[in-house]
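**Student:**
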Amino acid sequence: MRKCGFFDCNNQIKWKEESCETCQGRKENFVCDACLKDQGYNLCLLGGVVRNDINDTEIMLKRTRKMLEKFPPKFHSLLREMEQSLILTEKEKQAIVKSRLFRLSFLREKNHGHRRDNIHFIKLCQDCHDELAEKDRKFIDANPDIKKIEEKWNENGKNHLRILEEIVDNGIGRERYEKIMEELEQEIHEELPHEDKSKENKDKNQNNGKKNKKLSFVVFFSVIIVLLVIMVLALIIKKKIVSFLKIFIWS
């Protein structure tokens, strides 16, 4: 379990979910994280294009190694095959980071650094999704290292699906498989350094910093106004004193 992806909600959700049931109808779900336009419909199905692939791969590797402990030995050769495909070289990690930074730069250019609403998910409207896909295609074509890792992901996806289907169909069955995987997800989540919580705390600190800046500006502005009022009152009093002295002298 983990907290709901919305910063102001502490409801618990399953590891694979992005938000709690209460927050699924929030208007923020309709706003694109890139162009910041309200699309009038839920954008969740178009998101997830800027993920942390290194972190995700490490989690998948943990999951696969735990599956070796849970599943019957006759499936271990298949799981070892999955395990080897998930071990990244340093060059592959560098390519993944480069690709992620490129996609994040697209978001920053579009939304001018605006904070997204959900810490687990990135929502894109169809236009921004298509725009990023086109830029991404050109970027991948111009960078062979990224093209190679993308091809590896695609190949891994097909092979992993084939392996898991074989395990389910010829061994443990769908119900038992889902129960084991749910247990694995919970174990993995408990072992992780709770990156989501650190993101949440970081965001809270940033928000507090912004509030402090706003508060400082308000205090500064208020002091200026008070000083101006005092100066005006001083001028008025000075004029009255001068007028009084003139009257006093002439009288």
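By the working numbering, the letter at position 79 of the sequence shown is numbered 1096, and the numbering carries on one by one without gaps. Ideal placement from N, C-alpha and C gives every residue a C-beta, glycine not left out.
1. Looking only at its chain, what residues have a beta carbon closer than 8 Å to the beta carbon of R1149, apart from the 5 residues adjacent to it on each side?
2. By DSSP, does F1023 sit in helix, in strand, or in coil?
3. Compare the Cα-Cα distances from H1129 to each of R1019, E1086, L1053 and report the closest residue.
4. Using the C-alpha atoms, what's the distance from F1047 back to F1023?
5. In whole angstroms, give me the CA-to-CA distance for K1044 and H1131.
6. For S1094, report the span of its alpha helix (DSSP H) as first-last.
7. Can you have a look at R1154 and say buried or exposed, based on whether 16 or more other CB atoms are within 10 angstroms of its CB?
8. In chain order, what residues of the same chain have a beta carbon less than 7 Å from the beta carbon of E1212, not counting five sequence neighbours either side?
9. Kindly indicate which residue of Q1111, I1189, I1241, R1193 has the alpha-carbon position closest to the one of K1091.
10. Measuring CB atoms only, is the stretch 1071-1091 touching the stretch 1199-1207, in the sense that at least three cross pairs come out at less than 8 Å?
**Tutor:** If we stick to the structure as given:
1. The residue labelled residue 1149 in the question sits at position 132 within the sequence shown. The question names Arg, but residue 1149 in the sequence shown is Leu. Result list for L1149: A1051, V1066, R1120, F1123, L1141, in chain order.
2. As a position in the sequence shown, residue 1023 is number 6, starting the count at 1. The answer is strand: DSSP assigns F1023 an E or B state.
3. The residue you call residue 1129 lines up with position 112 of the sequence shown. Answer by Cα proximity: L1053.
4. Counting from 1 along the sequence shown, the entry for residue 1023 is found at position 6. Counting from 1 along the sequence shown, the entry for residue 1047 is found at position 30. F1023 and F1047: Cα-Cα distance of roughly 14 Å.
5. For the purposes of this step, residue 1044 is taken as residue 27 along the sequence shown, with counting starting at 1. For the purposes of this step, residue 1131 is taken as residue 114 along the sequence shown, with counting starting at 1. So the alpha carbons of these two residues sit roughly 17 Å apart.
6. Translated into positions along the sequence shown, residue 1094 becomes position 77. Per DSSP, S1094 belongs to the alpha helix (DSSP H) from 1093-1102.
7. Taking the first residue of the sequence shown as position 1, residue 1154 is located at position 137. R1154 is exposed by the Cβ-count criterion.
8. Translated into positions along the sequence shown, residue 1212 becomes position 195. In this prediction, E1212 has a pLDDT of 46, which is less than 50 and means its spatial position is unreliable; what the coordinates show is noted afterwards. Cβ neighbours of E1212 beyond the five flanking positions: none.
9. As a working note, residue 1091 is residue 74 in the sequence shown. Ranking the options by Cα distance to K1091, first place goes to I1189.
10. With the cut-off at 8 Å, the stretch 1071-1091 and the stretch 1199-1207 touch.
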